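Engineer:
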Amino acid sequence: MTATSALSLPRTTATAARVLRQLRHDPRTIALMILVPCVMLFLLRYVFDGNARTFDTIGASLLGIFPLITMFLVTSIATLRERTSGTLERLLAMPLGKGDLIAGYALAFGAVAVVQSALATGLAVWFLDLDVVGSPWLLLLVALLDALLGTALGLFVSAFAASEFQAVQFMPAVIFPQLLLCGLFTPRDAMHPVLEAVSDVLPMSYAVDGMNEVLHHADLTAAFLRDITIVAAVALLVLTLGAATLKRRSA
């Protein structure tokens, strides 16, 4: 029987449940997704122990960047492992559409992203004393959207990798340029005009901008709503592209 084309909630949730069961038996992956962002924030706070203002300046941005990077790595490798082991081909031979598979992975890793983002945000705000003018709940929202964006990017690039090593190699191509141009190291409007124009189309730029809006404004701003809308829209678009490019057979 060929894979169905319509997205089905039962098939999607069944896929998500299968992925979560697999993750439960992989403590190293769980540690990478949930604990590493917290450890990095903890280290960063005490690297700038003599200047807490610096941590306040970049801590919020990294609160969104760390989950994006870890979810990108884990998702791309996990999806590729399904393909190279033949599991993906067997699943798509069942009444399971590409959309069901991608949505199931997004749902499973999204559930992990909720835990990851909640722990990292709580650690930064209530334990590491990140000085935030706006609501911590808005910080959590942006961190969660960033993690979901990392999941979507990981699912997408896994279609173009033939091995786990190649999946990791996509990180310099997909993540590093965004990291350099997102405004973390220097304001985007201070960059060369060409680089500023490139940064304007990169989703991580809006993730950092959204975090900075919460950092400096007590109320919801139009810029914040724009930023989270763009991040969410890009994540949805990339997930759709991931379903369209998902291959039935491994190379």
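Residue numbers (my numbering): 234 to 484.
Yeah, the Cβ is synthetic: ideal placement off N, Cα and C, and Gly gets one too.
Only a predicted model underlies this, so the values are computations on that prediction, with no experimental measurement involved.
#1: On the three-pair Cβ rule with 8 Å, is the stretch 397-416 touching the stretch 439-453?
#2: Mapping the DSSP letters down to three states, classify Gly383 as helix, strand or coil.
#3: How long is the line joining the alpha carbons of Thr235 and Ala466, rounded to whole angstroms?
#4: Between Pro243 and the ligand FAD, is the CB less than 7 Å from at least one heavy atom?
#5: Would you report the Cα separation of Ile461 and Leu377, rounded to the nearest angstrom?
#6: Taking buried to mean at least 16 other C-beta atoms within 10 Å of its own C-beta, is Gln402 buried or exposed?
#7: Buried or exposed for Arg278, going by 16 or more other Cβ atoms inside 10 Å?
#8: Leaving out five residues on either side along the sequence, give the residues of the same chain with a beta carbon under 6 Å from the beta carbon of Thr454.
#9: Going by beta carbon distance, what residues of the same chain come within less than 6 Å of Phe281, once the five residues before and after it are set aside?
#10: If distances are taken between C-alpha atoms only, which option among Gly475, Leu274 and Arg251 comes closest to Leu382?
#11: Give a yes or no on whether the C-beta atoms belonging to Leu313 and Ala406 are separated by under 8 Å.
#12: Going along the chain, which unbroken runs of the alpha helix (DSSP H) with 4 or more residues stay wholly within the stretch 254-292?
#13: Determine the DSSP secondary structure at Gly416, reduced to helix, strand or coil.
#14: Can you tell me whether DSSP reads Ser368 as helix, strand or coil?
#15: What do you reckon, are the CB atoms on His450 and Val366 nearer than 8 Å?
#16: If you check the beta carbons only, do Leu384 and Gly443 fall under 8 Å apart?
#17: Would you kindly work out how many angstroms separate the C-alpha atoms of Arg459 and Phe299, rounded to a whole number?
Structural biologist: Walking through what the data contain:
#1: Yes, they touch.
#2: Sequence index remark: in the sequence shown, residue 383 carries index 150 (1-based). Assigned with DSSP and collapsed to three states, Gly383 falls in helix.
#3: Residue 235 sits at position 2 when you count from the first residue of the sequence shown. Residue 466 sits at position 233 when you count from the first residue of the sequence shown. Any reading at Thr235 needs caution, since the residue's pLDDT is 45, under 50, leaving its predicted position unreliable; the model's value is listed next. Rounded to whole angstroms, Thr235 to Ala466 spans 30 Å at the Cα level.
#4: Annotation note on the ligand FAD: not contained in the displayed structure, which lists no ligands.
#5: The residue labelled residue 461 in the question sits at position 228 within the sequence shown. The residue labelled residue 377 in the question sits at position 144 within the sequence shown. When only Cα atoms are considered, Ile461 and Leu377 end up about 10 Å apart.
#6: Position 169 of the sequence shown, counting from 1, holds the residue named residue 402. Exposed.
#7: As a first step, residue 278 is located in the sequence shown; it is residue number 45 there, counting from the start. Classification of Arg278: buried, given that the 10 Å Cβ count is 16 or more.
#8: As a first step, residue 454 must be located in the sequence shown, where it is residue number 221. Cβ neighbours of Thr454 beyond the five flanking positions: Glu446.
#9: The residue you call residue 281 lines up with position 48 of the sequence shown. These residues qualify, in order along the chain: Thr287 and Phe288.
#10: Position 149 of the sequence shown, counting from 1, holds the residue named residue 382. Sorting Gly475, Leu274 and Arg251 by C-alpha distance to the C-alpha of Leu382 places Gly475 at the top.
#11: Here residue 313 refers to the residue found at position 80 of the sequence shown. Here residue 406 refers to the residue found at position 173 of the sequence shown. It is not a contact, given that the beta carbons lie outside the stated cut-off.
#12: Qualifying alpha helix (DSSP H) stretches, in chain order: 260-280.
#13: Counted from its first residue, the sequence shown places residue 416 at position 183. Three-state DSSP puts Gly416 in coil, outside helix and strand.
#14: Taking the first residue of the sequence shown as position 1, residue 368 is located at position 135. Correct three-state label for Ser368: coil.
#15: The count along the sequence shown starts at 1 and reaches residue 450 at position 217. The count along the sequence shown starts at 1 and reaches residue 366 at position 133. Closer than 8 Å, so yes.
#16: Taking the first residue of the sequence shown as 1, we reach residue 384 at position 151. Taking the first residue of the sequence shown as 1, we reach residue 443 at position 210. The residue you asked about is not Leu; residue 384 is Thr in the sequence shown. No, Cβ-Cβ distance for Thr384 and Gly443 is not below 8 Å.
#17: Reading the sequence shown from its first residue, position 226 is the one you call residue 459. Reading the sequence shown from its first residue, position 66 is the one you call residue 299. Straight-line Cα distance between these residues: approximately 22 Å.
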